[in-house]
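So the sequence shown is residues 2 to 204, counted in the working numbering. For each residue, glycine too, the CB sits at the ideal point set by N, CA and C.
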Amino acid sequence: MTSAVIVDAVRTPIGRRGGALKDVRPDDLAAHVLRAIVERTGIKPALVEDVVLGCVTQTDEQGTNIARIAALVAGFPESVPGTSVNRQCGSGQQAVNFAAMEVLAGASDVAIAGGVESMTRVPMGSDMGALNDKLLAKYEVVPQGISADLIADKYKITREQMDEFSLWSHRKAVKAIDEGRFRDEIVPVPVLDEAGSKRLFET
2 MTSAVIVDAV
12 RTPIGRRGGA
22 LKDVRPDDLA
32 AHVLRAIVER
42 TGIKPALVED
52 VVLGCVTQTD
62 EQGTNIARIA
72 ALVAGFPESV
82 PGTSVNRQCG
92 SGQQAVNFAA
102 MEVLAGASDV
112 AIAGGVESMT
122 RVPMGSDMGA
132 LNDKLLAKYE
142 VVPQGISADL
152 IADKYKITRE
162 QMDEFSLWSH
172 RKAVKAIDEG
182 RFRDEIVPVP
192 VLDEAGSKRL
202 FET
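Rendered as structure tokens:
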């Protein structure tokens with residue numbers, strides 16, 4: 002039976018809204034990662050049989066099939082196809098699932114999967130239109146913040162518990178960064194600082 006394996010994985014640093022990555026297009030970010038993964042693994046881009054990228058807000062700079070565009074921007078040959086997936090917050094994971102399915106089905110031997118999103122350059126919700134009235138009649142559709150409050154009430158999770166968990170998680174992340182635990186997976190991105198000087202954004 003055919004197996005699907007993850008050969009390597011890389012990512013860009015994570016930036017905050019309006020932060021270090023604010024001037025970098027999302028398709029350029031994705032292309033940066035695509036170039037890095039073929040360079041690290043030593044595989045020729047022409048051997049890649051599909052590029053699958055998850056992206057929630059597929060409009061503006063993230064529209065027009067960002068997976069295909071990123072592959073071309075990365076310098077992959079035109080023979081390499083790309084497809085973009087939207088499963089909301091699980092889009093990147095779904096992209097990996099689809100790529101694995103291709104391999105397991107024997108449709109591809111080599112596929113690259115991941116996710117891309119720039120909420121600075123393409124704000125969350127900017128692709129949303131009016132919801133169907135039938136959906137609104139059946140479900141109470143509310144913003145995510147209110148949804149979080151409703152879930153907390155349902156499962157008796159206090160604000161203090163959430164704050165404690167958040168602080169614990171952030172401290173773990175800072176400790177991991179300080180110890181260099183993400184060094185092998187992060188591909189630094191060239192950016193301009195506030196003075197207009199070039200630097201590498203690494204975390």
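Here's a check: name, in chain order, each residue in its chain whose Cβ is nearer than 8 Å to the Cβ of residue i, leaving out the five neighbours to either side.
i	result
leucine 193	Asp24, Lys199 and Arg200
valine 6	none
threonine 42	Val8 and Asp9
glycine 107	Thr3
Could you tell me if residue i is buried or exposed, where buried requires 16 or more neighbouring beta carbons within 10 angstroms of its beta carbon?
i	result
arginine 182	exposed
threonine 159	exposed
leucine 105	exposed
serine 148	exposed
leucine 54	buried
aspartate 18	Reading off the sequence shown, one finds arginine at residue 18, where the question assumed aspartate. Per the 10 Å Cβ criterion, exposed.
glycine 20	exposed
serine 1	Since the first residue shown for the chain is 2 and the last is 204, residue 1 is missing from the structure and cannot be characterised.
By the three-class DSSP mapping on this structure, what secondary structure does residue i have?
i	result
serine 148	helix
leucine 54	strand
valine 190	strand
isoleucine 7	coil
arginine 122	coil
arginine 136	Before going on, a small fix: residue 136 reads as leucine here, not arginine. Of the three classes helix, strand and coil, the one that applies to leucine 136 here is helix, per DSSP.
alanine 254	Here the chain covers residues 2 to 204 and nothing more, so residue 254 does not appear.
Which whole-angstrom value describes the C-beta separation of residue i and residue j, a residue pair presumed to lie in contact below a C-beta threshold of 8 Å?
i	j	result
aspartate 51	threonine 84	7 Å
leucine 22	serine 119	7 Å
leucine 35	alanine 10	Not confirmed; about 13 Å, so no contact.
valine 117	leucine 30	6 Å
Looking only at its own chain, which residues have a Cβ that is under 7 Å from the Cβ of residue i, when we skip the five neighbours before and after it?
i	result
methionine 125	Thr58
Could you name the residues of the same chain whose beta carbon sits closer than 6 Å to that of residue i, not counting the 5 residues immediately before and after it, in chain order?
i	result
phenylalanine 77	Pro46
alanine 75	Ala32, Leu35 and Arg36
Quick one: complete alpha helix (DSSP H) runs, 4+ long, within the region 158 to 185? 160 to 179
Residue ranges of each alpha helix (DSSP H) run of no fewer than 4 residues wholly in the region 18 to 98, ordered along the chain? As far as the region 18 to 98 is concerned, its whole alpha helix (DSSP H) runs of at least 4 residues are 27 to 42 and 67 to 74.
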